[in-house]
DNA sequence: ATGTATATGTACATTTTTGGACATATATTG
DNA sequence: CAATATATGTCCAAAAATGTACATATACAT
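Residue numbers (the working numbering), protein chains in the order written: chain Z, 7 to 409; chain W, 7 to 409.
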């Protein structure tokens with residue numbers, strides 16, 4: 007009898023997948039909205055929702071919506087229904103975290119990273135660290151929902167690996183997803199850090215904007231594209247790679263990529279530091295550049311503004327091509343205040359047609375260290391709860407939780 | 007009793023919407039595929055499909071797929087289940103057609119167009135001409151499914167109107183969709199011609215390519231973007247407007263838009279004609295330019311190749327930003343043979359990172375006069391049969407057809 | 001406090017959908 | 001030609017979803 011009960015509930019959970027997907031994707035956050043969005047009858051919605059509430063996957067939040075009558079109870083995924091393991095691989099350090107499904111960071115740590123170690127050894131160290139982090143949360147959040155890695159390089163998202171020659175020698179074409187997949191019974195995601203920061207900005211600050219660009223101006227220059235409300239990756243996952251667009255000029259500087267006159271070689275943090283050093287100022291990194299700007303050094307301010315103009319030049323191309331309604335500028339250089347931004351705005355308004363700039367907003371991102379990490383969590387959650395994959399999630403949930 | 011039968015069939019038709027959508031969108035073209043795609047039981051699929059077959063909306067095509075057993079009968083929308091009225095407004099002429107749902111052209115005509123007439127008078131003349139065309143097909147294709155207009159200007163698709171100052175003085179912000187909507191009981195669509203040509207290329211020649219660009223090189227220069235398998239329009243419908251991206255150079259020519267050094271002012275048909283005329287050759291239009299190239303005039307060949315390089319320069323920006331897997335080049339200048347194409351390829355391969363160009367194809371479109379018209383039809387059909395709108399289509403179908 | 005509006009739960013008869021089981025159609029293979 | 005594989009139709013009992021009616025919860029307005 008107990009078994010048949012278990013089976014029954016399992017079956018019901020499987021049926022509740024559509025409801026779960028709607029709630030998780032924020033497509034519907036109340037019973038009434040579920041009714042409208044699902045097209046199912048009230049009875050069915052109630053039943054399936056009750057299954058989800060009973061299973062602890064969904065909860066009624068404290069928030070209610072005024073309605074002129076009994077207030078609407080707002081529904082949401084229960085943050086503690088599971089946990090995620092995410093890691094942001096930088097050029098010198100790896101930042102790791104265990105997160106709930108909100109997603110909030112529950113536990114985090116940082117370990118050193120050396121490219122020389124190679125992918126397998128590095129991934130092994132990440133797994134070891136993940137084990138420690140998981141130990142903190144496994145009791146309270148029982149269920150590993152997904153694993154997600156942020157990479158400082160181009161990533162072919164579909165194939166789950168780093169592509170193209172990049173700062174990570176030896177990682178090119180290493181099948182990260184398969185390697186990690188052998189050790190976890192949860193889906194693995196690998197994505198480029200700029201795309202993840204873009205997802206964070208979109209999901210966190212501008213969820214209702216469908217077409218936007220995030221520009222990361224740090225050591226290098228990169229961007230991420232939200233098109234029709236979703237991250238746009240292109241054929242190889244290389245979309246948004248604006249750092250190596252070239253401009254002709256007599257003094258075109260040599261870029262790290264071997265070409266002349268790339269945006270990055272003109273406006274990247276390393277390029278500004280190079281130019282400052284030439285002028286006798288102490289600067290090696292993007293952080294140094296910002297420090298000099300904060301110290302009101304006129305050379306640094308001038309170069310940051312000029313970098314903004316260069317970025318504005320590509321940004322104006324992006325605006326002409328994509329016609330976004332918002333450009334968010336983040337990365338270390340964006341912490342240098344409005345000098346960068348005003349340079350960007352200047353060029354965009356100068357070079358784009360009024361049609362494209364009429365409703366265009368250009369603004370700085372709020373400084374946020376963990377944005378790639380949180381973006382990596384959103385990536386997992388969006389995929390796992392997507393219409394096509396909720397069923398799979400529910401199957402794993404049912405299999406793993408204690409009966 | 008007869009009435010209750012009618013109601014019954016009507017109700018069944020409404021239920022068949024999902025099946026219809028799957029067939030119309032080519033997401034499933036056989037009973038087995040419908041089973042898999044819909045998730046419904048075989049019995050239900052059979053029943054609903056029979057309703058659609060009975061109503062004459064869907065048919066078994068003559069084509070079968072080999073299966074190692076009884077061959078799969080391929081299903082498709084019945085072309086004669088309805089008709090479309092489409093018009094392609096050019097700068098001097100309007101090309102109109104009545105089309106079936108394949109979509110094929112059933113009847114067509116061309117009328118003169120003068121901008122001075124203004125939108126209301128022009129639309130009235132289009133409607134008159136549509137009436138004549140509809141007379142030819144109403145008997146055999148009873149049901150007006152949709153009306154679609156191709157415009158030679160930027161269009162805000164969502165708002166259904168021409169936007170921005172353009173060659174169509176007086177049309178800016180005129181609410182075309184509402185105006186026509188008062189006269190037809192069918193949905194009205196208005197879209198930019200380059201986007202429609204892009205849709206045609208995608209749907210007709212490259213349906214399985216998800217990320218591609220169509221560049222129209224004619225009098226002006228424009229482009230359309232397919233991102234994730236769908237046309238991408240941006241916030242105001244101005245995405246793909248590459249003709250007015252500027253390049254700095256000492257000799258930057260003045261553009262029609264008032265800026266200096268736009269792509270169009272360097273490589274558009276009018277710009278090449280201008281340069282040829284300066285060299286003493288007889289040329290006013292893009293067609294003249296191509297004629298001179300076909301006559302092997304070295305000046306014309308040189309300028310066409312240089313135009314290709316200029317277009318290649320923007321194309322390389324587009325590739326860096328969007329990472330498409332295909333660029334198709336069409337428009338009048340594309341009929342000048344490979345000179346334009348080789349210029350484009352040269353610059354793209356020179357300026358883009360290998361990651362983005364590795365799997366990139368760049369090719370000429372097949373010359374096709376009606377591509378905007380057919381694209382306009384695809385636009386209607388894709389929307390009308392989309393998951394969210396099939397139900398509405400079925401309701402109109404049921405209401406209009408004779409009982 | 002009372003009335004009204006909206007949100008939400010539940011029992012039950014009715015209608016739909018599903019899962020098999022069984023039957024037939026039409027290829028390919030030997 | 002027989003054997004086999006896949007495609008497809010249909011009957012029927014079982015399961016699921018729906019519509020309806022009735023009941024309760026909680027806010028706002030008077």
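No residue lacks a Cβ here, since even glycine has one placed at the ideal position from N, Cα and C.
Per DSSP, residue 195(Z) is not a residue of any alpha helix (DSSP H); the beta strand (DSSP E) it occupies stretches across 194 to 198. Look at residue 261(Z): its C-beta is not under 8 Å from any C-beta on chain W.
Residue 380(Z) has its alpha-carbon roughly 12 Å from the corresponding atom of residue 112(Z). Under the DSSP assignment, residue 367(Z) falls in the beta strand (DSSP E) whose first and last residues are 367 to 370. Think of a sphere of 7 Å around the beta carbon of residue 169(W): the chain Z residues whose beta carbon falls inside it are 361, in chain order.
In this model, residue 271(Z) and residue 373(Z) are separated by some 24 Å (Cα to Cα). Check the Cα spacing between residue 119(Z) and each of 25(Z), 200(Z), 173(Z) and 269(Z): the tightest is with 173(Z).
Under the Cβ criterion of 8 Å, residue 388(Z) is not counted among the residues facing chain W. For residue 268(W), the pairing in a beta bridge is given by DSSP as 252(W). Residue contact with chain W for residue 349(Z): absent (no Cβ-Cβ distance below 8 Å to any residue of chain W). Just so you know, the alpha carbons of residue 318(W) and residue 80(Z) end up roughly 52 Å apart. Residue state for residue 323(Z) is assigned as helix, using DSSP reduced to three classes. For the options 278(Z), 326(Z), 290(Z) and 334(Z), the alpha carbon positioned closest to that of residue 307(Z) is the one of 278(Z). Interface annotation, residue 69(Z): not in contact with chain W, CB-CB separation never under 8 Å. For residue 366(W), the closest alpha carbon among the candidates 126(Z), 240(Z), 73(Z) and 401(Z) is that of 240(Z). Annotation for residue 375(W): no beta strand (DSSP E) segment contains it, and DSSP assigns it neither H nor E. As computed with DSSP, residue 33(W) is found in no beta bridge at all. For the beta strand (DSSP E) assignment, the uninterrupted runs of no fewer than 3 residues enclosed by the region 149 to 182 of chain Z are, from N- to C-terminal side, 150 to 157.
Contacts between residue 246(W) and chain Z, judged by CB atoms closer than 9 Å, involve 326, 327, 328 and 329 in chain order. When 7 Å is used as the limit between beta carbons, residue 160(W) is near these residues of chain Z: 361, in chain order. In the structure shown, residue 215(Z) adopts coil according to DSSP, grouped into three states. Residues are counted here when their Cβ sits less than 9 Å from a Cβ of chain Z; for the region 226 to 255 of chain W these are 229, 231, 233, 234, 236, 238, 239, 240, 241, 242, 243, 244, 245, 246, 247, 248, 249, 250, 251, 252, 253, 254 and 255, given in chain order. Distance from the CA of residue 231(Z) to the CA of residue 219(Z), rounded to the nearest whole angstrom, comes to 5 Å.
If the five residues before and after residue 401(Z) are omitted, its C-beta is found closer than 8 Å to the C-beta atoms of 20, all from its own chain and listed in chain order. Among the residues of the region 271 to 293 of chain W, none has a Cβ less than 8 Å away from any Cβ of chain Z. A check of alpha carbon separations from residue 84(W) across 41(W), 30(W) and 36(W) identifies 30(W) as the nearest.
Close CB contacts of residue 316(Z) within its chain, under the 7 Å cut and outside five residues either way in sequence, are with 269, 272 and 273 (chain order). Taking one beta carbon from each stretch, the region 386 to 405 of chain W and the region 347 to 359 of chain W have fewer than 3 pairs nearer than 8 Å; the two do not touch. Residues of the region 135 to 149 of chain Z with a Cβ closer than 7 Å to any Cβ of chain W: none. If you draw a straight line from the Cα of residue 229(Z) to the Cα of residue 40(Z), it comes to about 35 Å. In this structure, residue 198(W) places its C-beta atom within 8 Å of the C-beta atom of residue 243(W). Judged by DSSP secondary structure, residue 350(W) falls within the alpha helix (DSSP H) whose first and last residues are 344 to 357.
Residue pairing by DSSP puts residue 101(W) in a beta bridge opposite 94(W) and 116(W).
Taking a contact to require three or more Cβ pairs closer than 8 Å, the region 195 to 210 of chain W and the region 158 to 177 of chain W qualify as touching. Residue range 48 to 61 is occupied by the alpha helix (DSSP H) that includes residue 54(W). According to the DSSP assignment, residue 229(W) belongs to the beta strand (DSSP E) that extends over 227 to 233.
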